[in-house]
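Working notes, beginning with the structure itself.
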Amino acid sequence: MDRIEVLAKLIEHEPLVRWTAVATAGLAWLSIAWLSPLPLLAAVLLVASVFGVRRRRGEQLGARPDDEFDLF
1 MDRIEVLAKL
11 IEHEPLVRWT
21 AVATAGLAWL
31 SIAWLSPLPL
41 LAAVLLVASV
51 FGVRRRRGEQ
61 LGARPDDEFD
71 LF
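In our numbering, the protein residues as written are 1 to 72.
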């Protein structure tokens with residue numbers, strides 16, 4: 001296994017590592033945006049455009065319901 005695959009599995013299975021990775025990415029993003037607000041604006045516009053395109057296409061954000069799991 002590559003180091004990337006090991007890290008990806010670790011982030012996927014360990015909540016503390018996942019939250020640490022998210023906090024580190026957020027801190028790095030804010031420190032870059034502190035120097036220049038252009039990356040902050042570009043990231044917000046990118047996320048908003050992806051959200052708008054997915055919503056217009058009708059794709060659901062999140063997990064899809066499992067049709068085989070029915071309690072009734």
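Beta carbons are placed, not taken as given, at the ideal position from N, Cα and C, and that holds for glycine.
Beta carbon of residue i nearer than 9 Å to that of residue j
| i | j | result |
| --- | --- | --- |
| P15 | W29 | no |
| L10 | V17 | yes |
Residue i, enclosing alpha helix (DSSP H) - first and last residue
| i | result |
| --- | --- |
| E5 | 3 to 13 |
| G52 | 37 to 57 |
Cβ shell of residue i (< 6 Å), same chain only, five flanking positions each side left out
| i | result |
| --- | --- |
| E5 | none |
| A43 | none |
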